[in-house]
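Chemist:
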Amino acid sequence: MNNQPFIRGEPPKSIYPLQTCLPAYRPQVVSAWLKQLPTPGGIILFPFGGSPQVVLEAARSGYQILTPVHNPILRFLIESLAHPPSKEELGSALAKLASSYKGKERLQPLILSLYETDCPQCGEKTSASSFTWSRITQEPVQKTCRCSRCGEDTQGAVSSDDIQKALDFQENSPTHARALTRVAAPDDPIRFQVENALGSYTPRSVYALFTVLNKLTGSNLPAEETNLLEILLLHAFYRCSQPLDPLGQDDEIDEFYREENVWFALEETLDIWCGEEDSLPITTWPTLPPQSGGICLFPGRIRELIPQLSDIQLQSVVMVFPKPTPSFWALSALWTGWLWGQEAAAPLRSILSIKKFDWPWLTKAIELTLSEIHEILPSGIPCFGLLPEIEIKSLLAAVSAASRAGYKLDKIALDPDLLLGETYWVSQKGIFDLKPSSDYRELIRTAGFNLLQEAGEPKHTLSIYGTGMISLVAEGFPGKDQDPDQYFPQLLKDYEDNIAYRQGFLHYPDSENWWHQELKPSSSPQSDMVEQQIVELLVKTNNPIPERDIFQHIYQNFPTQLTPREGLILACLESYAQITPGLISSWQLKPNEDPGRRVKDLAEIEHQLLEIGEELGYTVNKKSAPGRVIHLQWEKNGSSQSSFFISASGLLGRLLEEQKNSADTRWIILPGSRAGLIHYKLKQNPPLSEIIEQGWGLVKFRHIRRLAEVRGPNFLDRLDLDPFQSDSPQLPLI
Ligand SMILES: [Zn+2]
Numbered sequence: 080m081n082n083q084p085f086i087r088g089e090p091p092k093s094i095y096p097l098q099t100c101l102p103a104y105r106p107q108v109v110s111a112w113l114k115q116l117p118t119p120g121g122i123i124l125f126p127f128g129g130s131p132q133v134v135l136e137a138a139r140s141g142y143q144i145l146t147p148v149h150n151p152i153l154r155f156l157i158e159s160l161a162h163p164p165s166k167e168e169l170g171s172a173l174a175k176l177a178s179s180y181k182g183k184e185r186l187q188p189l190i191l192s193l194y195e196t197d198c199p200q201c202g203e204k205t206s207a208s209s210f211t212w213s214r215i216t217q218e219p220v221q222k223t224c225r226c227s228r229c230g231e232d233t234q235g236a237v238s239s240d241d242i243q244k245a246l247d248f249q250e251n252s253p254t255h256a257r258a259l260t261r262v263a264a265p266d267d268p269i270r271f272q273v274e275n276a277l278g279s280y281t282p283r284s285v286y287a288l289f290t291v292l293n294k295l296t297g298s299n300l301p302a303e304e305t306n307l308l309e310i311l312l313l314h315a316f317y318r319c320s321q322p323l324d325p326l327g328q329d330d331e332i333d334e335f336y337r338e339e340n341v342w343f344a345l346e347e348t349l350d351i352w353c354g355e356e357d358s359l360p361i362t363t364w365p366t367l368p369p370q371s372g373g374i375c376l377f378p379g380r381i382r383e384l385i386p387q388l389s390d391i392q393l394q395s396v397v398m399v400f401p402k403p404t405p406s407f408w409a410l411s412a413l414w415t416g417w418l419w420g421q422e423a424a425a426p427l428r429s430i431l432s433i434k435k436f437d438w439p440w441l442t443k444a445i446e447l448t449l450s451e452i453h454e455i456l457p458s459g460i461p462c463f464g465l466l467p468e469i470e471i472k473s474l475l476a477a478v479s480a481a482s483r484a485g486y487k488l489d490k491i492a493l494d495p496d497l498l499l500g501e502t503y504w505v506s507q508k509g510i511f512d513l514k515p516s517s518d519y520r521e522l523i524r525t526a527g528f529n530l531l532q533e534a535g536e537p538k539h540t541l542s543i544y545g546t547g548m549i550s551l552v553a554e555g556f557p558g559k560d561q562d563p564d565q566y567f568p569q570l571l572k573d574y575e576d577n578i579a580y581r582q583g584f585l586h587y588p589d590s591e592n593w594w595h596q597e598l599k600p601s602s603s604p605q606s607d608m609v610e611q612q613i614v615e616l617l618v619k620t621n622n623p624i625p626e627r628d629i630f631q632h633i634y635q636n637f638p639t640q641l642t643p644r645e646g647l648i649l650a651c652l653e654s655y656a657q658i659t660p661g662l663i664s665s666w667q668l669k670p671n672e673d674p675g676r677r678v679k680d681l682a683e684i685e686h687q688l689l690e691i692g693e694e695l696g697y698t699v700n701k702k703s704a705p706g707r708v709i710h711l712q713w714e715k716n717g718s719s720q721s722s723f724f725i726s727a728s729g730l731l732g733r734l735l736e737e738q739k740n741s742a743d744t745r746w747i748i749l750p751g752s753r754a755g756l757i758h759y760k761l762k763q764n765p766p767l768s769e770i771i772e773q774g775w776g777l778v779k780f781r782h783i784r785r786l787a788e789v790r791g792p793n794f795l796d797r798l799d800l801d802p803f804q805s806d807s808p809q810l811p812l813i
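The numbering used here applies: residue 80 is where the sequence shown begins, and numbers increase by one.
#1: What residues does ligand 1 have around it, judged by CB closer than 6 Å to any heavy atom, in chain order?
#2: Run the CB neighbour count on A492, radius 10 Å, all protein chains shown included, and call it buried at 16 or more, exposed below.
#3: From the beta carbon of C198, is the nearest beta carbon of chain C less than 9 Å away?
#4: On the DSSP bridge assignment, give the partners of R225 in chain order.
#5: Which same chain residues end up closer than 7 Å to L292 when comparing Cβ atoms and leaving out the 5 residues on each side of it in sequence?
#6: From P495 to K472, what distance separates their C-alpha atoms?
#7: Hey, which unbroken runs of the alpha helix (DSSP H) at 4 residues or more fall wholly within the region 288-329?
#8: Would you mind giving the Cβ-Cβ distance between S728 and R745, rounded to the nearest angstrom? I have them listed as a contact below 8 Å.
#9: Leaving out the 5 sequence neighbours to the left and right, which residues in its chain are closer than 7 Å to D799 when beta-carbon positions are compared?
#10: Relative to ligand 3, is the shortest distance from any of its heavy atoms to the C-beta of V397 smaller than 8 Å?
#11: With H, G and I counted as helix, E and B as strand and the rest as coil, what does DSSP make of A754?
#12: Going along the chain, which unbroken runs of the beta strand (DSSP E) with 3 or more residues stay wholly within the region 566-643?
#13: Which one or two residues does DSSP pair with S665 in a beta bridge?
#14: Return the Cβ separation of A287 and L384 in integer angstroms, given the expectation that the two are a contact with Cβ distance under 8 Å.
#15: How should A682 be labelled, buried or exposed, when 16 other C-beta atoms within 10 angstroms of its C-beta is the threshold for buried?
#16: Hey, P405 and L441 are a contact pair by Cβ (cut 8 Å); roughly how many whole angstroms apart?
#17: Can you give the Cα-Cα distance for S603 and G675, rounded to whole angstroms?
#18: Just to confirm my understanding: we take T502, look at its own chain, exclude 5 residues before and 5 after, and list those with CB closer than 6 Å. What are they?
#19: Where do the ends of the beta strand (DSSP E) carrying L147 lie?
#20: DSSP three-state label for Q243, please.
#21: Can you tell me whether DSSP reads I215 as helix, strand or coil?
#22: Using the rule of at least 16 other Cβ atoms within 10 Å of the residue's Cβ for burial, across every protein chain shown, is V109 buried or exposed?
#23: Please tell me whether R87 and R627 are closer than 9 Å, where the distance is taken between their beta carbons.
#24: Which of the three DSSP states is assigned to L541 in this structure?
#25: Let me know if H453 comes out buried or exposed under the rule of 16 or more other beta-carbons within 10 Å of its beta-carbon.
#26: Would you kindly report the start and end of the unbroken beta strand (DSSP E) that includes L749?
#27: Roughly how far, in whole angstroms, is the beta-carbon of G545 from the beta-carbon of L474, given that I think they are within contact range, below 8 Å?
#28: In terms of residue numbering, what span does the alpha helix (DSSP H) encompassing A492 cover?
#29: Please state the DSSP three-state secondary structure of S395.
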């Protein structure tokens, strides 16, 4: 348990329902964590029901999950995906819808005709797949068509007919009024927020969606059919909505937005909502799912659930920490009302009326939820906290809230490349050592400095902030007497003031990395050690190694704050190994990277440099050098002129030490296959890059070989002609 390193998981195989509204889902993370829980049996509580995919994966891997899900849309999503419809089922529901009538017209041609336009390519009449609108002019400006004659997506400017057709639908129509009233009555105080949410649809979309919705609300369908129609509609509601507010507070909202064709959105449901998975047991509290795995949904708030949990044996708590997503909640209220009416939407009223749905508010909400669970949790229970799409604010909010709720932070591991943070917690009774006199700013600085010193190279902002949080909560932060409204903005400011230039920290915006001016690049920085371990593993194992085993091996050796970025591990693999074909992605050492062959390469280059040097009248001396590196020095008249370091690896750190033992002109001779890796390392490590740029030249093996063929007096001038940074074949300028 204690050695649990970062879990990388896998990229999602396909698009999942409501994807852009939900926290990014990384498969095979939560199940990997659950698998190493010490005691089998018991319920796993997911207090934040905002990530249906994670809950479903946990249940499918054989655990009994209990989760309060307050939002009816998310509940519906979990229920639907636990028994995913087959393409046949959903397809026949869509076909039935297509051939149903509105008045005398069939539904499909009617909806398609709302978007009828001339194909920009051939002029044929077709139904546009989308229109792009300008927020400024409030009119469509561009259309995308896939006409039956051309077959391809073509874009073109809209005609005056297209604009007129779009503007024929107005916000004061009876449909619009109905779209509001299905969620909130005209005199309802939250009507304003509902109107706001409705602004994420064009009036034409509202008309089209409600024409289809009438088929659901206006007839008495069997339960099975109702459910399939609800799935189709929910997907269309989602696809046809526009973002109401930017996701991050600093993001600007785009000037343009797309109006999707409602019928095509309905058709798309088949590709996104259907699945082949076995049906997963779903129960409603207090009925528990079977021990073989399933989900128990509590259709309310965690606060109402907790008093009922006294007889339940909780095995663990898994927190997918939420982010403030007011627009998703507003849309959820809209969709709930549309599908199931005002009463069903009522539980979302309180969320709609929150005025400041910001980070301090959310921090407080997380803390309240977690402290209520903590009350009933025995001590020593391991808990897992996921931070999807991790950013500074979500990191600070989650760690401070859970700590203040009484959980002991065990470790944080994160990868800025995957934008994934993983936090490990243990429940404990009583409050651990509070040291209210601690100087939090000092702790932030020291933790950041120590991490950089340990890594021996720059680290990402999230890693620096994360390591600071570990120190802070170990010293009792945030303390009992402060509210998130006070401490959250102060904490952000403390970080900004202390991980800052005036405290000696150097920021590199290109990589979002930091370094400290009192530190010197290490001779064995972490990235060099990662490279070394990957090579050792590849050499030791002759067979292809599954990629996940390689990552696991490296994460084991570089745990928590030192978790290497995915980009570094991949750069190392691409430099030394090749992917082998097969079901599981595996890597094998490239034949020319075999250590025996590399030893021969080194000897060959050494021999060539010896010959050329002597030919040019130098005395060539072999000096001592670290590892297998060969250091040749060319000397003339008793003074050293040039130093050549021949190396098979990309470990540059250890050569920095040699600066004082070498001639003024220094060259590092490397295999060309290191170019990508070196490029990556130098980009992540500007201080190292600067040292190399000022005092060293990088040359490829192949360049030495070419020069050895040509020879000639101006050898040293030609060393620069095949720049190392790019591996593109250069013209033979020599
Ligand atoms: Zn066409």
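Cβ coordinates follow ideal geometry from the N, Cα and C atoms, glycine included. Since we're looking at a predicted model, the values are computed, not measured.
Modeler: Here's the rundown:
#1: So the residues near ligand 1 by this Cβ test are C198, Q200, C201, E203, C226, R228 and C229.
#2: Around the C-beta of A492, 16 or more other C-beta atoms lie within 10 Å, and the residue is accordingly described as buried.
#3: The displayed structure is made up of one protein chain only, and chain C is not part of it.
#4: Assignment of beta-bridge partners to R225 by DSSP yields D232.
#5: Contacts found: L312 and W417.
#6: So the two alpha carbons sit approximately 14 Å from each other.
#7: The region 288-329 contains these whole alpha helix (DSSP H) runs: 302-318.
#8: Contact flag wrong, Cβ pair sits at about 17 Å.
#9: Within the same chain, D799 has close Cβ partners G776.
#10: In the structure on display, ligand 3 does not appear, and the ligands it does have are ligand 1.
#11: Helix, per DSSP.
#12: As far as the region 566-643 is concerned, its whole beta strand (DSSP E) runs of at least 3 residues are 584-587 and 592-595.
#13: According to DSSP, which records beta bridges pairwise, S665 is partnered with P625 and T659.
#14: In this structure A287 does not touch L384 by the C-beta definition: roughly 39 Å separates them, more than the 8 Å allowed.
#15: With fewer than 16 other Cβ atoms within 10 Å, it is exposed.
#16: Contact between P405 and L441 does not hold, since their C-beta atoms are separated by about 10 Å, which reaches or exceeds 8 Å.
#17: Here the C-alpha atom of S603 lies approximately 24 Å from the C-alpha atom of G675.
#18: Within the same chain, T502 has close Cβ partners G464 and I491.
#19: The sequence shown places Pro at residue 147, not Leu. Following the DSSP letters along the chain, one finds P147 inside the beta strand (DSSP E) bounded by residues Q143 to P147.
#20: In this structure, DSSP gives Q243 a helical state, which the three-state scheme calls helix.
#21: In the three-state scheme derived from DSSP, where H, G and I count as helix and E and B as strand, I215 is classed as coil.
#22: Counting Cβ neighbours within 10 Å, V109 comes out buried, since at least 16 surround it.
#23: Yes, the pair counts as a contact, with Cβ atoms nearer than the cut-off.
#24: The answer is helix: DSSP assigns L541 an H, G or I state.
#25: Buried.
#26: Looking at the DSSP string, the run of the beta strand (DSSP E) that includes L749 is T744 to L749.
#27: 6 Å between Cβ atoms; contact.
#28: Unbroken run through A492 is the beta strand (DSSP E), Y486 to D494; no alpha helix (DSSP H).
#29: It is a strand residue.
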